[in-house]
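First the structure, in the form of structure tokens, and then the observations on it.
Chains as they are written, first to last, in my numbering: chain A, 1 to 354; chain B, 355 to 683; chain C, 684 to 966.
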């Protein structure tokens with residue numbers, strides 16, 4: 001029996017294994033010295049914006065890396081409360097109960113910092129229809145309540161005269177994860193439809209009356225794109241980046257408005273003047289003749305107290321940069337800049353982070 | 355438990371004759387203790403896992419009790435959780451996948467065990483083993499980009515036109531749904547059915563086959579009427595094993611099932627499975643009750659697979675032992 | 684020949700052909716998968732894919748270098764955790780234990796082997812992520828390592844039991860103590876089989892996605908050290924596949940091809956070269 005051969009083979013294997021392990025461990029240890037990594041997670045709604053910001057910021061300050069994972073607003077709130085990430089991000093402000101839970105768990109408060117403004121848009125994929133559709137609040141609520149099931153339903157057709165809508169079933173697509181995009185959408189539907197408010201309500205995830213679930217804005221956009229006759233809601237940039245059609249929505253003044261930088265900025269005009277101290281404010285169905293009705297701020301969730309001074313200073317630095325230079329990247333990605341008043345107010349709030 | 359008992363050592367060959375002290379000096383006792391600690395840690399980890407799942411799902415057990423398993427509402431806003439749609443989705447997709455995978459898998463294993471020359475059988479089995487190694491997320495990738503469009507353009511119209519009057523094949527089709535998930539899962543479990551069934555069939559003693567052939571039956575008759583019945587319990591075991599795999603399958607299903615907690619008779623409708631809802635919602639379940647409900651779902655999944663695995667193992671052991679017992683005589 | 688006999692012949696041949704077809708269809712799935720991955724991912728595999736970090740969302744280009752290294756680190760740490768427990772535990776089962784203790788350990792290992800991977804993820808989240816307040820490479824490795832334990836344990840036991848008795852007795856007759864016999868004779872005689880099984884276990888967990896979702900999490904940058912979240916190939920494939928970006932789909936295919944290629948190569952190597960003449964147990 002070739003015992004000697006086995007021995008030799010074993011020794012070789014052992015040496016290789018020891019070498020590989022040694023090199024990797026050493027490498028990892030040396031490597032561990034360098035840049036400061038800050039972890040954040042949350043909303044997918046501003047993910048393209050944040051991903052751009054963190055990339056630019058890293059180019060500017062190579063010793064700070066901000067890793068952002070878009071797991072949904074609900075996830076952002078949960079993980080920052082658990083303390084498994086350094087900061088969270090959400091499109092639906094945390095409610096009082098969640099604030100209390102954070103206080104109880106972490107022993108300090110959490111601060112909301114608005115970053116940009118965005119909009120939910122109704123997007124669709126109807127074979128043969130190229131025209132831009134218009135939606136009334138009633139038709140949006142009806143479709144998502146499962147009461148309007150066909151594309152040629154009078155409630156949709158009446159706002160789209162001259163468009164030849166097919167008699168196909170509408171495939172409703174919504175988020176399967178807890179999401180700020182959902183919060184904005186359901187917040188809006190709750191404001192315009194009593195039935196929605198009573199039956200479903202507003203939250204980062206709700207009990208949907210109808211439809212398919214996709215994970216993340218990416219997932220919903222993906223599903224709508226791949227499914228004929230689909231109808232869903234995504235953050236504006238996802239529709240733009242994927243060249244998906246999206247419709248006009250009738251606002252509180254009765255005008256049909258398409259989501260764009262101007263109409264979203266107008267929606268924030270009222271709130272900018274009367275911004276509450278904690279920045280938690282809803283601007284859906286906002287007044288204003290040309291305001292887009294399904295708009296919202298999106299927030300970073302930053303704990304007030306940090307144990308790690310390095311991370312604290314790096315994040316404060318980022319916030320300063322984001323409110324100044326960072327805002328200039330917003331419009332290229334179809335997000336509206338923050339109003340001046342809000343920026344000033346936030347600059348003051350940054351100082352309260354300890 | 356860790357106390358050293360010299361009488362147990364005698365289980366090892368030629369160990370009983372030496373004294374405890376000499377064994378300690380030789381390092382035998384130390385080696386025994388160290389390896390014992392590692393073996394015990396396996397038990398510890400498993401117990402910890404079950405314990406952790408159990409205590410972290412106390413809230414929904416208190417609040418909903420057994421209602422958890424029969425209510426259909428999954429509503430994070432009102433904080434009401436019912437597991438039925440997920441259990442339903444898990445069972446339906448598993449059953450669909452078995453309906454597709456079992457005939458194919460058993461057919462293939464009969465070919466491999468009874469017909470194919472050993473060399474070809476081994477080569478094919480080698481490929482089947484490789485197939486079993488393909489990760490779930492890859493099946494999901496193929497599911498999303500190949501099976502889903504195929505479903506929408508070919509399979510749905512093909513089944514809906516002639517059979518649309520049946521509730522199972524009612525439209526509309528979204529591409530994703532129970533049937534899609536079932537098909538993807540079927541492809542995933544076929545290798546397991548083939549591998550185990552082939553082994554069980556191979557363990558059927560030769561004389562059974564020869565007797566049947568000598569009595570004038572055709573090759574198929576000897577296989578189907580003698581060999582397969584002999585291996586029946588073992589084959590059942592392979593099916594249970596496949597079912598246990600299917601139940602716990604996560605990624606591929608999450609990608610193609612549609613993620614909608616609804617119970618619908620139509621196989622084209624979107625649904626949800628236990629594993630998929632955990633994958634989607636675990637990181638973001640904000641309330642305690644919400645999170646613990648998800649963990650309770652995990653516990654349910656664990657128990658289901660545990661029972662099925664146990665049954666499967668029992669059945670396989672029973673047949674293979676029966677086979678070798680008879681063969682030795 | 685009577686009509687009945689002819690009919691029976693026909694049925695026999697027909698059914699046997701059918702089983703052949705079943706086998707053919709089952710095996711062809713493997714080549715279908717490989718073909719599709721090569722077709723869709725082959726053109727996207729370039730130098731950048733292996734050397735660059737992912738680009739910000741929606742921009743084309745970039746690669747998955749961090750995910751490849753992340754997966755390698757996860758697998759290494761998982762083996763460092765899972766293999767010793769499985770291996771030494773297996774030695775205990777095969778060489779030292781008798782009766783009740785052994786069957787409890789075996790039972791626990793079988794139980795652990797059957798736990799759905801997503802449930803392992805929950806466990807790792809509450810055992811490692813929550814206490815350390817950090818998603819990390821270690822947490823992911825803990826989850827994957829857990830999945831390696833039962834396979835390593837059972838196959839170590841099996842292969843050690845397969846070592847002929849005369850080898851042991853020979854060593855002991857020469858005066859070697861029991862553990863010396865195990866270390867210098869029994870384990871070397873069984874090591875090829877055990878190594879094969881460990882490699883197969885490694886290949887299996889290499890493709891696991893579910894337990895990494897909430898343990899290793901994700902990272903757009905390099906993950907330095909062990910306490911930071913890390914990107915990994917399977918999770919990248921998942922997030923890229925469900926995204927709406929064409930360029931990400933392209934990269935998901937490429938990543939799928941790389942991952943499957945690695946797993947199949949490990950499998951083929953382990954099954955053909957290492958295990959010459961050894962019956963490899965199935966996981």
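Ideal placement from N, C-alpha and C gives every residue a C-beta, glycine not left out.
| Endpoints, beta strand (DSSP E) assigned at residue 295 of chain A | 295-303
| query | Given residue 368 of chain B, which residues of its chain have a CB within under 6 Å of its CB, disregarding the five upstream and five downstream residues? | reply | Caution applies to residue 368 of chain B, whose pLDDT of 44 falls short of 50 and renders its modelled position unreliable; the model cannot decide the point.
| field | Three-state secondary structure assigned by DSSP to residue 570 of chain B | value | coil
| task | Take the Cβ of residue 416 of chain B as the centre, count every other Cβ of all protein chains shown within 10 Å, and call the residue buried at 16 or more, exposed below. | result | So residue 416 of chain B ends up on the exposed side.
| message | Against chain B, does residue 192 of chain A count as a neighbour if the rule is that its beta carbon must be under 7 Å from one of theirs? | response | no
| Residues of the stretch 642-661 of chain B whose Cβ lies closer than 7 Å to any Cβ of chain C, in chain order | Within the stretch 642-661 of chain B, the residues whose Cβ lies closer than 7 Å to some Cβ of chain C are 649, 652, 655, 656, 659, 660, listed in chain order.
| task | State buried or exposed for residue 894 of chain C, treating a residue as buried only when at least 16 other CB atoms are found within 10 Å of its CB. | result | buried
| Reference residue 254 of chain A; option with closest CA among A:101, A:291, A:152 | A:291
| Looking at the structure shown, is residue 663 of chain B part of a helix, part of a strand, or coil, going by DSSP? | Three-state DSSP puts residue 663 of chain B in a helix.
| Roughly how many angstroms separate the alpha carbons of residue 300 of chain A and residue 88 of chain A, rounded to a whole number? | 6 Å
| field | Spatial distance of residue 195 of chain A from residue 163 of chain A (CA atoms) | value | Roughly 29 Å separates the two Cα atoms.
| request: Return helix, strand or coil for residue 67 of chain A, following the three-state DSSP convention. | output: strand
| said: Using 8 Å for Cβ pairs, my map puts residue 135 of chain A next to residue 247 of chain A. What's the rounded Cβ distance? | reply: 5 Å
| said: So if I threshold CB-CB distances at 7 Å, which residues from the stretch 219-245 of chain A count as touching chain C? | reply: 219, 221, 222, 225, 238, 241, 242
| task | Could you round the C-beta distance between residue 153 of chain A and residue 74 of chain A to whole angstroms and report it? I think they count as a contact, below 8 Å. | result | Not really, about 32 Å apart at Cβ, beyond 8 Å.
| Hey, does residue 934 of chain C have any beta-carbon neighbour from chain A nearer than 7 Å? | no
| query | Alpha carbon to alpha carbon, how far is residue 839 of chain C from residue 877 of chain C? | reply | The straight-line gap separating the alpha-carbon atoms of residue 839 of chain C and residue 877 of chain C is approximately 5 Å.
| Within-7 Å CB hit, residue 258 of chain A to chain C | no
| query | Is residue 617 of chain B helix, strand or coil by DSSP? | reply | coil
| task | Examine chain A for any beta-carbon lying closer than 7 Å to the beta-carbon of residue 740 of chain C, and answer yes or no. | result | It does; some Cβ of chain A falls within 7 Å.
| query | Is there at least one Cβ from chain C nearer than 7 Å to residue 124 of chain A's Cβ? | reply | Taking Cβ atoms only, chain C never reaches closer than 7 Å to residue 124 of chain A, which makes this a no.
| query | What did DSSP end up calling residue 131 of chain A once you bin it into helix, strand or coil? | reply | coil
| request: Starting from the Cα of residue 644 of chain B, find the closest Cα among B:656, B:386, B:431 and give me that residue. | output: Comparing C-alpha distances from residue 644 of chain B to each of B:656, B:386, B:431 shows the shortest one belongs to B:431.
| field | Endpoints, beta strand (DSSP E) assigned at residue 124 of chain A | value | 110-125
| said: Give me the chain A residues within the contact set of residue 804 of chain C, using Cβ-Cβ distance strictly less than 9 Å, ordered along the chain. | reply: The contacting residues do not exist; residue 804 of chain C stays about 14 Å from chain A at best.
| task | Output, in sequence order along the chain, the residues in the stretch 67-81 of chain A whose CB is closer than 7 Å to any CB in chain B. | result | 71, 72, 74, 75, 77, 78, 79
| query | In its own chain, which residues sit with a C-beta less than 8 Å from the C-beta of residue 139 of chain A, not counting the 5 before and 5 after it? | reply | Apart from the 5 residues on each side of it in sequence, residue 139 of chain A sits with its Cβ closer than 8 Å to the Cβ of 148, 153, 155, 156, 159 in its chain, given in chain order.
| query | Would you report the Cα separation of residue 366 of chain B and residue 778 of chain C, rounded to the nearest angstrom? | reply | Reliability of the predicted coordinates at residue 366 of chain B is poor, the pLDDT of 44 falling under 50, and the value obtained from them is presented with this limitation in mind. Going from the Cα of residue 366 of chain B to the Cα of residue 778 of chain C covers about 7 Å.
| message | If contact is defined by three or more beta carbon pairs under 8 Å, each pair taking one atom from either stretch, is the stretch 114-129 of chain A in contact with the stretch 330-338 of chain A? | response | yes
| request: Could you tell me whether any Cβ in chain C is nearer than 7 Å to the Cβ of residue 469 of chain B? | output: yes
| Any chance the CB of residue 388 of chain B is under 6 Å from a heavy atom of the ligand MG? | What this structure holds is no ligand at all, so the ligand MG is not there to describe.
| field | Where residue 633 of chain B meets chain C, residues with beta-carbon distance less than 7 Å | value | 801, 893, 896
| said: Could you tell me which whole alpha helix (DSSP H) segments of length 4 or greater appear in the stretch 142-229 of chain A? | reply: Whole alpha helix (DSSP H) segments, 4+ residues: 154-157, 180-192, 194-199, 216-226.
| field | Meets three-Cβ-pair contact criterion under 8 Å: the stretch 797-808 of chain C and the stretch 655-673 of chain B | value | yes
| query | alpha helix (DSSP H) containing residue 39 of chain A: first to last residue? | reply | From DSSP, residue 39 of chain A is part of no alpha helix (DSSP H) but of the beta strand (DSSP E) over 36-42.
| said: So the candidates are B:626, B:486, B:397, B:637; which of them puts its Cα closest to the Cα of residue 438 of chain B? | reply: B:626
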